[in-house]
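Chemist: Residues 391 to 1089, numbered by this note's numbering, are exactly what the sequence shown covers, in order.
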Amino acid sequence: MMMVGTAVVTRADGRLALGRLGALCEQLKELNSRGYEVILVTSGAVGVGRQRLRYRKVANSSFADLQSPQDEFGGKACAAVGQSSLMALYDTMFSQLDVTSSQLLVTDSVFRDEGFRKQLSDTVNSLLGLRVIPIFNENDAVSTKKAPYQDSSGIFWDNDSLAGLLASELKADLLVMLSDVEGLYSCPPSDPKSKLIHTYIKMKHQEEITFGDKSRLGRGGMTAKVEAAVCAADAGIPVVITSGYATDNIIKVLQGEHLGTLFHKDAHLWTLAREVGARTMAAAARECSRQLQAQQPQARRKILLDIADALEANESMILVENEADVSAAQLAGYEKSLISRLALTPRKIYSLAKSVRKLAEMEEPIARVLSRTELADGLILEKTTSPLGVLLVVFESRPDALVQIASLAIRSGNGLLLKGGKEAKRSNAALHKVITSAIPGSVGSKLIGLVTSREEIPDLLKLDDVIDLVIPRGSNKLVSKIKSLTKIPVLGHADGVCHIYVDKSANIDMAKHILHDAKLDYPAACNAMETLLVHKDFLSEGGLNELLLELRSEAVTLYGGPRASNLLKIAEASSLHHEYSSMACTIEIVDDVFAAIDHINQHGSAHTDCIITEDIEVAEAFLRQVDSAAVFHNASTRFCDGARFGLGAEVGISTSRIHARGPVGVEGLLTTRWILRGCGQVVDGDKGVSYTHKVLKQS
């Protein structure tokens, strides 16, 4: 059931908001075509009628009449005029969408009649069976209510409470109430301190909320909507209050997106259980990481092997949850590149389990001695590897990243907090459950926490005393936003604008083979080629056409830099720093290797760049001077990957210059500490110590 408020139906000047009404009707048509039973409760008749009567009076007035104050029209006259106009508009819009609608005008008094209630239910069910959308409106023209806030003794007193009543009477599965704001705020949204309440808990929020003014045009406002939502929720009907200004919020709510404010009779139970405080979650991960570090190496290895077995044993369940995410993403119109990253397959799960087993087989990384030095006789200093502590990893749309990150955290002895993209919500929850169920009680399942609500992220980013490293995996916008919100060190890359430069001495067949792989093996990957640089001599020798044909034959769209677009007569790229993540790339012509190096250092992202050449001297100049995390000679950029580098897996690819760079595996999640073993030595102003500083063999 949908309820749309006056402020959504009309504009600020009282005229109908045709764009918003059109979007509403299109969403209801979509739901109707999918087999949903849809009921609409609409406000706006009084506002529409008032506007029409004002226009009529002005049209019939003399100039003298216009100089005198205009009398305010009675609400009942406005309602009588506005109801027919509003319904005529709905009928026209729905007719254009090949949907049939019907009008049902009701008043408070008729609901006192049990016979009427039964007949109403029968009528609505009959209409729904015919795929007709019933449109309800309170018949304000004959209503005996005069002041709803003072006279609220009746069964309902405005269209908000009517919607709540109808939802209960007709046993609706969901009530969506559309307002002119995103949902319920802790105080008026104009107040800088206001905060959107995502889940309403009566015992917590009813005393805390400060309501603003009532609706600018209707009789109710947020106060009326909340009262109606609470009543419906108490009757067992879930309610969502969200913005009617967005064109697709109804569809998004039904797809499970957490928009606006949710009201549910059990919210006080499952919300409090789910929304563990950010600090508590981080502290629990740290304590569990200490328990993990205290385990013997073979015990930590066994945890990884158990996780690999659990992934394969639960393959069917994981794929079912992932298919639900993929279907929802397709329905929502997400880009193909995102859906490609989102999808899991049996092959991917097999590969993930294999990479986890490979991690388990690696040399024990924790407390590994890096150096031993004799400071003085009987005083031995060791530099050893040590876990960082607690990691916060925020990633988008790739559920397989959750497995890689979790297994690397366990191998390196770190606690972990994960926040995946909402589009992979079900996949992430399934994988998290499988992984944590394999962690023994002696360590604790809270070693790996899954953050489920986006509002927790700002709180987590403030915890620089309990979280040691943030690793964002996703878009440039995501990485930049996280960096701006936290004092915690951030490790990651913002873009994957990877280049391949084909030098004049390149083997053309090798070049075609590498380009095909770098662009087509996985176009959505961050290590896929995004820009092709070609030496100018290929223009005259004909080699350029062969390279372009190799890409065009696979339906790769080519965009040119300033020089290439002019010479090749192709569309110019919007930017020379562009990550397509799809079947497209930029091409540019350069004079020589040094021009290529300058181009990459200026327009690249310091991720992965490659030269194809048979000239070793040119290759070495490129390898030395390109300032990227990974630089290749005669090899596809797709090799820049933790598993392919033999790291077992990667938590991400870093373009930072501090701590870790390139694919970040276990070593990138470790720091060092110093262990000093003595036999009673003291400094005493260095008078009693004879320093030797002898480098010892590592035992």
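Backbone N, C-alpha and C define an ideal beta-carbon position, used for all residues, glycine too.
Roughly how many whole angstroms lie between the Cα atoms of Ile990 and Leu1013?
Modeler: What you label residue 990 is simply residue 600 of the sequence shown in a count that begins at 1. What you label residue 1013 is simply residue 623 of the sequence shown in a count that begins at 1. Straight-line Cα distance between these residues: approximately 12 Å.
Chemist: Is there at least one non-hydrogen atom of the ligand GTP closer than 8 Å to the beta-carbon of Thr947?
Modeler: By its list of ligands, the structure shown contains no ligand whatsoever, and the ligand GTP lies outside what it can speak to.
Chemist: Could you please give me the residues that DSSP links to Met612 through a beta bridge?
Modeler: Locating residue 612 in the sequence shown gives position 222, where the first residue counts as 1. In DSSP, Met612 forms no bridge with anything.
Chemist: What separation, rounded to the nearest whole angstrom, lies between the Cα atoms of Ser874 and Leu868?
Modeler: Reading the sequence shown from its first residue, position 484 is the one you call residue 874. Reading the sequence shown from its first residue, position 478 is the one you call residue 868. Rounded to whole angstroms, Ser874 to Leu868 spans 10 Å at the Cα level.
Chemist: Go ahead and pull the three-state DSSP assignment for Ala435.
Modeler: To locate residue 435, count along the sequence shown from 1; it is residue 45. Helix, per DSSP.
Chemist: Assign Glu751 to one of three DSSP states: helix, strand, or coil.
Modeler: Numbered from 1 along the sequence shown, position 361 holds the residue referred to as residue 751. Three-state DSSP puts Glu751 in a helix.
Chemist: Roughly how far, in whole angstroms, is the beta-carbon of Ala757 from the beta-carbon of Thr774, given that I think they are within contact range, below 8 Å?
Modeler: As a working mapping, residue 757 is identified with position 367 in the sequence shown. As a working mapping, residue 774 is identified with position 384 in the sequence shown. Rounded, the Cβ-Cβ distance is 5 Å, consistent with contact.
Chemist: Beta-carbon within less than 6 Å of Ile825's beta-carbon, same chain only, minus the 5 sequence neighbours each way: which residues are those?
Modeler: In the sequence shown, counting from the first residue as 1, residue 825 sits at position 435. Excluding positions up to five away in sequence, the list reads Ile697, Ala796.
Chemist: For Gly519, does the count of other Cβ atoms within 10 angstroms reach 16, so buried, or fall short, so exposed?
Modeler: Numbered from its first residue, the sequence shown carries residue 519 at position 129. Exposed is the call here.
Chemist: Going by the CB atoms, is the gap between Arg690 and Glu754 shorter than 9 Å?
Modeler: On the sequence shown, residue 754 is found 364 positions in, with the first residue counted as 1. On the sequence shown, residue 690 is found 300 positions in, with the first residue counted as 1. Yes, the pair counts as a contact, with Cβ atoms nearer than the cut-off.
Chemist: Counting beta carbon pairs with one atom in the region 780-792 and one in the region 829-837, are three or more of them shorter than 8 Å?
Modeler: Because the criterion of three Cβ pairs below 8 Å is not met, the region 829-837 and the region 780-792 do not touch.
Chemist: Assign Lys561 to one of three DSSP states: helix, strand, or coil.
Modeler: Here residue 561 refers to the residue found at position 171 of the sequence shown. Coil.
Chemist: Please state the DSSP three-state secondary structure of Thr1061.
Modeler: Taking the sequence shown and counting its residues from 1, the one referred to as residue 1061 is at position 671. Three-state result, Thr1061: strand.
Chemist: Label Leu941 either buried or exposed according to how many other C-beta atoms from any shown protein chain fall within 10 Å of its C-beta, with 16 as the threshold for buried.
Modeler: Translated into the one-based positions of the sequence shown, residue 941 becomes position 551. Buried.
Chemist: Take Val366 and list the residues in its own chain whose beta-carbon comes closer than 7 Å to its own, dropping the five residues that flank it on each side.
Modeler: Outside the displayed span of the chain (391 to 1089) sits residue 366, for which this structure offers no information.
Chemist: How about Asn804 and Gly839: are their beta carbons less than 9 Å apart?
Modeler: As a working note, residue 804 is residue 414 in the sequence shown. As a working note, residue 839 is residue 449 in the sequence shown. Contact flag unset, no.
Chemist: Under a Cβ-count criterion, where at least 16 other Cβ atoms within 10 Å of its own Cβ denotes burial, should Leu957 be classed as buried or exposed?
Modeler: Numbered from 1 along the sequence shown, position 567 holds the residue referred to as residue 957. Result: exposed.
Chemist: Val793 and Val841: beta carbons closer than 9 Å?
Modeler: Walking along the sequence shown from the start, residue 793 turns up at place 403. Walking along the sequence shown from the start, residue 841 turns up at place 451. The answer is no: Cβ separation not under 9 Å.
Chemist: Just confirm the distance between the C-beta atoms of Thr632 and Leu568, as a whole number of angstroms; I'd bet it's less than 8 Å.
Modeler: Stepping through the sequence shown from its first residue, residue 632 is reached at position 242. Stepping through the sequence shown from its first residue, residue 568 is reached at position 178. 7 Å between Cβ atoms; contact.
Chemist: If contact is defined by three or more beta carbon pairs under 8 Å, each pair taking one atom from either stretch, is the region 613-628 in contact with the region 670-688?
Modeler: Because the criterion of three Cβ pairs below 8 Å is not met, the region 670-688 and the region 613-628 do not touch.
Chemist: Can we say the region 489-503 touches the region 396-406, given the rule of at least three CB pairs closer than 8 Å?
Modeler: No: the two stretches stay apart, fewer than three of their Cβ pairs being nearer than 8 Å.
Chemist: Quick check on the DSSP output: the alpha helix (DSSP H) that includes His595 runs from which residue to which?
Modeler: The residue you call residue 595 lines up with position 205 of the sequence shown. First-last of the alpha helix (DSSP H) with His595: 592-595.
Chemist: Asp999 and Val983 - do their beta-carbons sit closer together than 9 Å?
Modeler: Indexing the sequence shown from 1 puts residue 983 at position 593. Indexing the sequence shown from 1 puts residue 999 at position 609. No, Cβ-Cβ distance for Val983 and Asp999 is not below 9 Å.
Chemist: Which residues does DSSP pair with Asn639 in a beta bridge?
Modeler: In the sequence shown, residue 639 corresponds to position 249, counting from 1. Asn639 is not bridged to any residue.
Chemist: Less than 9 Å separating the beta-carbons of Ala1019 and Ile1001?
Modeler: Translated into positions along the sequence shown, residue 1019 becomes position 629. Translated into positions along the sequence shown, residue 1001 becomes position 611. No, they are not a contact pair.
Chemist: Just checking my contact of Leu781 with Leu859 at CB under 8 Å: how many whole Å lie between their CB atoms?
Modeler: Within the sequence shown, residue 781 is the residue found at index 391, counting from 1. Within the sequence shown, residue 859 is the residue found at index 469, counting from 1. Contact holds; Cβ gap of about 5 Å.
Chemist: I'd like to know if the region 921-934 and the region 1020-1032 are in contact, where contact means that at least 3 CB-CB pairs between them fall below 8 Å.
Modeler: In short, these stretches do not touch, since the Cβ pair count stays below three.
Chemist: On the three-state DSSP scale, how would you describe Arg1067?
Modeler: The residue you call residue 1067 lines up with position 677 of the sequence shown. DSSP places Arg1067 in strand when its eight states are reduced to three.
Chemist: Provide the residue span of the beta strand (DSSP E) that contains Leu1005, from first to last.
Modeler: Numbered from its first residue, the sequence shown carries residue 1005 at position 615. In the sequence as presented, Leu is not what sits at residue 1005; that position holds Asp. Unbroken run through Asp1005: none, as it is neither H nor E.
Chemist: At what residue ranges does the region 820-887 contain a whole run of the beta strand (DSSP E), taking only runs of 3 or more?
Modeler: As far as the region 820-887 is concerned, its whole beta strand (DSSP E) runs of at least 3 residues are 838-840, 859-863.
Chemist: Anyone know if the C-beta pair for Glu846 and Leu728 falls short of 9 Å?
Modeler: Here residue 846 corresponds to residue number 456 of the sequence shown, with the count starting at 1. Here residue 728 corresponds to residue number 338 of the sequence shown, with the count starting at 1. Contact flag unset, no.
Chemist: What span of residues does the beta strand (DSSP E) with Ile904 cover, start to end?
Modeler: On the sequence shown, residue 904 is found 514 positions in, with the first residue counted as 1. Here Ile904 belongs to no beta strand (DSSP E); instead the alpha helix (DSSP H) covers 898-910.
Chemist: Would you kindly work out how many angstroms separate the C-alpha atoms of Gly768 and Leu881, rounded to a whole number?
Modeler: The residue you call residue 768 lines up with position 378 of the sequence shown. The residue you call residue 881 lines up with position 491 of the sequence shown. Roughly 40 Å between the two C-alpha positions.
Chemist: Do Glu772 and Met759 come within 9 Å of each other at the CB atom, strictly closer than that value?
Modeler: For the purposes of this step, residue 759 is identified with residue 369 of the sequence shown, where counting begins at 1. For the purposes of this step, residue 772 is identified with residue 382 of the sequence shown, where counting begins at 1. Going by the sequence as given, residue 759 is Val instead of Met. Closer than 9 Å, so yes.
Chemist: Could you please give the first and the last residue of the uninterrupted alpha helix (DSSP H) stretch that includes Val399?
Modeler: Sequence index remark: in the sequence shown, residue 399 carries index 9 (1-based). Segment 396-399, the alpha helix (DSSP H) holding Val399.
Chemist: Rounded to whole angstroms, what is the Cα-Cα separation between Ser817 and Gly1036?
Modeler: As a working mapping, residue 817 is identified with position 427 in the sequence shown. As a working mapping, residue 1036 is identified with position 646 in the sequence shown. Rounded to the nearest angstrom, the two C-alpha atoms are 27 Å apart.
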